[in-house]
Ligand SMILES: NC(=O)c1ccc[n+]([C@@H]2O[C@H](COP(=O)([O-])OP(=O)(O)OC[C@H]3O[C@@H](n4cnc5c(N)ncnc54)[C@H](OP(=O)(O)O)[C@@H]3O)[C@@H](O)[C@H]2O)c1
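Numbering (the UniProt record's numbering), first residue to last: 1 to 255.
Here you go:
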């Protein structure tokens, strides 16, 4: 059977762990050549590439600390080189803005520096990654932003994170209008609670974990593959008529 993303190229930020890793593996399994980024997790990024290659896919890893705005032009220079070496052209078909730093810290604890760091990765980086990607993105391509249910149901424990994710939903809509004439779809996937490092501390608290499961219609935490499946749908030809949407993938959290 032919693979749904055969011949496509993809960039997945934050592919060393969690949702990004699962997404990179899934897009590669569908036939895309996947560039994945990492920050502190070089080993995780290399493991992701090795897993993809073991399964017959193609991928490579690039370092980018997205707190640093300068990392983005540098990332794209290296991306151009790698795609050109491997495919003969620098064209990017699928962009997944996924990287995220965890953001526990309420109103009282937040400092201007911690606010800036959170916004740098969750809001500023996706904006400037798209700006850099524009000249490389294929007409008919895809931009998929990993948002959060917290964007529309702000969480008291993570006000800055919630604000940054609301910004991503807003940007998704604006970009869909801007890029529609080129046939590029722009959507956000908003996970609920997914079993990753980002909320390991929450899951260690049995009462909190039970409360979250009780508040979820499907009665469990999400798995990373639950989110990667939605990204893969939006990336595929099956998702071609969906744009400007925030698709919640939460198992029905707080219905
Ligand atoms: N897990 C959830 O319940 C949940 C719910 C809603 C939304 N989300 C969203 O889903 C996305 C992925 O989260 P996750 O749960 O998979 O998190 P995770 O397991 O903690 O992984 C985070 C990823 O982001 C990368 N990253 C962190 N700081 C970075 C920086 N400064 N520069 C570049 N990359 C950086 C990490 O890279 P290194 O490891 O290499 O440092 C890692 O690959 C995030 O946007 C998050 O907000 C998650």
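The beta carbon of each residue, even a glycine, is placed where N, CA and C say it ideally should be.
Residue i versus the options, residue with shortest Cα-Cα distance
i: residue 22; options: 82, 246, 146, 242; result: 146
i: residue 249; options: 242, 224, 235; result: 224
i: residue 237; options: 64, 71, 93; result: 93
DSSP bridge partner residues for residue i (one or two, in chain order)
i: residue 256; result: Given that the chain is displayed from residue 1 to residue 255, the structure contains no residue 256 and the question cannot be resolved.
i: residue 63; result: 38
Residue i versus residue j: straight-line alpha-carbon distance, rounded
i: residue 193; j: residue 89; result: 38 Å
i: residue 201; j: residue 73; result: 34 Å
i: residue 116; j: residue 2; result: 44 Å
i: residue 15; j: residue 252; result: 26 Å
i: residue 120; j: residue 173; result: 20 Å
i: residue 191; j: residue 100; result: 13 Å
Residue i classed as buried or exposed, judged by whether at least 16 other C-beta atoms fall within 10 angstroms
i: residue 181; result: exposed
i: residue 132; result: buried
i: residue 108; result: exposed
i: residue 206; result: exposed
i: residue 112; result: exposed
i: residue 177; result: exposed
heavy atom of ligand 1 below 8 Å from residue i C-beta
i: residue 198; result: yes
i: residue 254; result: no
i: residue 66; result: yes
i: residue 17; result: yes
i: residue 74; result: no
i: residue 227; result: yes
i: residue 39; result: yes
i: residue 246; result: no
i: residue 87; result: no
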